[in-house]
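Structure first, commentary second.
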Amino acid sequence: MLFRNHVVQSLTCLQNEASALAIESLKGSLMILAKVPYARFVVQKFFESCDDKTAFDSYNEIVLDDLVTNCVGHFVHQSVIRRLETLDIMLCRKLCSDIVGRKNELQDDKYGSQVFITSKNMLRKIGK
Numbered sequence: 359m360l361f362r363n364h365v366v367q368s369l370t371c372l373q374n375e376a377s378a379l380a381i382e383s384l385k386g387s388l389m390i391l392a393k394v395p396y397a398r399f400v401v402q403k404f405f406e407s408c409d410d411k412t413a414f415d416s417y418n419e420i421v422l423d424d425l426v427t428n429c430v431g432h433f434v435h436q437s438v439i440r441r442l443e444t445l446d447i448m449l450c451r452k453l454c455s456d457i458v459g460r461k462n463e464l465q466d467d468k469y470g471s472q473v474f475i476t477s478k479n480m481l482r483k484i485g486k
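Taking the working numbering, the leading residue of the sequence shown gets 359, the next gets one more, and so forth.
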């Protein structure tokens, strides 16, 4: 039961009709899965593996603010930020700037501080 997420992750990476079907079936459930241990790996792989249009469209389904301080969701938040770097650098810059602007709120949170560091490093990489 524990390793089912590996099957779905592998399926999304195939880049064929089966993976397209798997990716399509995950839409609408990404936010729920992003907060579930092990299922978050599937969401991360989803954003890494799907085509640009699907990733950008699916970004709108994810409520990043709800994931920043979530014990599982913060990993998904960081994955989305990394993917947005290649999809829409202006949006990536805005999201990262918003997170860095919340330094006082996030620096003492175990999970939020990780998102803060990722966002700060991303801004250094892409330029403010």
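Note that the Cβ used here is the ideal one computed from N, Cα and C, for glycine as well. Note that this is a predicted model, so its numbers are computed, not measured.
D466, DSSP secondary structure in three states: Residue numbering aside, residue 466 sits at position 108 when the sequence shown is read from its first letter. Coil at D466, not helix or strand.
Expected contact under 8 Å - CB spacing of Y469 and T427 to nearest Å: For the purposes of this step, residue 469 is identified with residue 111 of the sequence shown, where counting begins at 1. For the purposes of this step, residue 427 is identified with residue 69 of the sequence shown, where counting begins at 1. Contact flag correct, Cβ pair sits at about 5 Å.
I457 beta carbon less than 7 Å from that of S477: For the purposes of this step, residue 477 is taken as residue 119 along the sequence shown, with counting starting at 1. For the purposes of this step, residue 457 is taken as residue 99 along the sequence shown, with counting starting at 1. Yes, these two residues count as a Cβ contact at 7 Å.
Residue burial classification, V421 (beta-carbon count within 10 angstroms, cutoff 16): Translated into the one-based positions of the sequence shown, residue 421 becomes position 63. V421 should be labelled exposed.
Residue environment, G431, which counts as buried when at least 16 other CB atoms sit within 10 Å: Locating residue 431 in the sequence shown gives position 73, counting from the first residue. It is buried - the Cβ of G431 has at least 16 other Cβ atoms within 10 Å.
Start and end residues, alpha helix (DSSP H) containing C450: On the sequence shown, residue 450 is found 92 positions in, with the first residue counted as 1. It spans I447 to V458 - the alpha helix (DSSP H) in which C450 sits, taken as one unbroken run.
Residue nearest to M389 in terms of C-alpha spacing, selected from Q465, I484, V401 and E375: Taking the sequence shown and counting its residues from 1, one reaches residue 389 at position 31. Residue V401 is the option with its Cα nearest to M389.
C454 versus A376: straight-line alpha-carbon distance, rounded: If you number the sequence shown from 1, residue 454 lands on position 96. If you number the sequence shown from 1, residue 376 lands on position 18. Cα to Cα, the separation comes out at about 34 Å.
Contact set for F414: own chain, Cβ-Cβ below 6 Å, skip 5 residues either direction: To locate residue 414, count along the sequence shown from 1; it is residue 56. These residues qualify, in order along the chain: L445.
Contacts around C450, its chain only, beta-carbon distance under 6 Å, and the 5 residues preceding and following it disregarded: One-based indexing of the sequence shown puts residue 450 at position 92. The beta carbon of C450 sits closer than 6 Å to the beta carbons of L442 and E443 from its chain, once the five residues preceding and following it are set aside; these are given in chain order.
Neighbourhood of E419 by C-beta, 8 Å cutoff - its chain only, sequence neighbours within 5 removed: As a position in the sequence shown, residue 419 is number 61, starting the count at 1. Cβ neighbours of E419 beyond the five flanking positions: K385, G386, L388 and M389.
Straight-line Cα distance separating F474 from E463: Residue mapping note: residue 463 aligns to position 105 of the sequence shown, counting from 1. Residue mapping note: residue 474 aligns to position 116 of the sequence shown, counting from 1. Taking the straight line joining both Cα atoms gives about 10 Å.
Rounded separation between S407 and Q465 - CA only: Locating residue 407 in the sequence shown gives position 49, where the first residue counts as 1. Locating residue 465 in the sequence shown gives position 107, where the first residue counts as 1. So the two alpha carbons sit approximately 31 Å from each other.
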